[in-house]
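Q: Position one of the sequence shown corresponds to residue 0 (numbering that gives the first Met the number 0), numbered consecutively onward. Beta carbons are placed, not taken as given, at the ideal position from N, Cα and C, and that holds for glycine.
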Amino acid sequence: MTRSKILAAAALLAMVPAAAVAQEGPVSYEEQLAQVETQLVYQAPIAGVENDYWFNYQTDLAEARKELTKDLRGSSDAEDNRDAWEEYRAELADARGDYAKEMAEKGYPVGEVRVLTDNGR
0 MTRSKILAAA
10 ALLAMVPAAA
20 VAQEGPVSYE
30 EQLAQVETQL
40 VYQAPIAGVE
50 NDYWFNYQTD
60 LAEARKELTK
70 DLRGSSDAED
80 NRDAWEEYRA
90 ELADARGDYA
100 KEMAEKGYPV
110 GEVRVLTDNG
120 R
């Protein structure tokens, strides 16, 4: 599979979870944490470098989204849903951490963004 096909597949899969989990009612704590983790996903390559680490990261994200969709479709109760969201959150966090670590080891600067709340903390 070419890199452009991987990126295209990842972009399509990025839309799947929201459609797959469209629901009414309360959202679990695990789903809320997963939504926060989703906001931390790198939207562009570190230092603008598209290398194998970036493409591996994109593949990891696509696989996590695909697994989430599969798990949610197969869930039979709220506990299954919570487990699916927790696994998804963990996979996103692991992929992000692995990618950042690999890029840092290669000497690319890995930045950090901090968001301040209304009270400045």
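Would you kindly work out how many angstroms separate the C-alpha atoms of ALA99 and ILE45, rounded to a whole number?
A: Going from the Cα of ALA99 to the Cα of ILE45 covers about 8 Å.
Q: Which residues in the same chain have their Cβ closer than 6 Å to the Cβ of ASP59, if we skip the five residues on either side of it in sequence?
A: ALA94
Q: Look at the alpha carbon of ASP70 and the alpha carbon of ALA103, and state the distance between them as a whole number of angstroms.
A: Going by the C-alpha atoms only, they are around 33 Å apart.
Q: Identify whether SER105 lies in helix, strand or coil by the three-state DSSP scheme.
A: Checking the sequence shown, residue 105 turns out to be Lys, not Ser. Looking at LYS105 - three-state DSSP - the assignment turns out to be coil, as it is neither helix nor strand.
Q: Residues in its own chain within less than 7 Å of ASN80 by CB, not counting five upstream and five downstream?
A: SER27, LEU71, SER74
Q: Starting from the C-beta of TYR56, find all residues in its chain whose C-beta is less than 8 Å away, skip the five residues before and the five after it, and write them out in chain order.
A: TYR41, ALA94, ARG95, ASP97, TYR98
Q: Can you list, in chain order, the residues of its chain with a C-beta nearer than 8 Å to that of PRO108? Leave out the 5 residues immediately preceding and following it.
A: Excluding residues within five positions, the ones whose Cβ falls inside 8 Å are ILE45, ALA46.
Q: Note down, in chain order, each residue of its chain lying with its Cβ closer than 6 Å to the Cβ of GLU29, except the 5 sequence neighbours on either side.
A: ARG81, TRP84, GLU85
Q: Just curious, the alpha helix (DSSP H) that ASP59 is in, first and last residue?
A: 51–72
Q: Is ILE45 helix, strand or coil by DSSP?
A: Under the three-state reduction of DSSP, ILE45 is assigned to helix.
Q: Excluding five sequence neighbours on each side, which residues of the same chain lie with their C-beta closer than 6 Å to the C-beta of GLU90?
A: ALA63
Q: Any idea if GLU49 is buried or exposed, counting beta-carbon neighbours within 10 angstroms, 16 or more meaning buried?
A: exposed
Q: Using a Cβ-Cβ cut-off of 7 Å (strictly less than) and excluding sequence neighbours within five positions of ALA92, which residues of its own chain qualify?
A: GLU36
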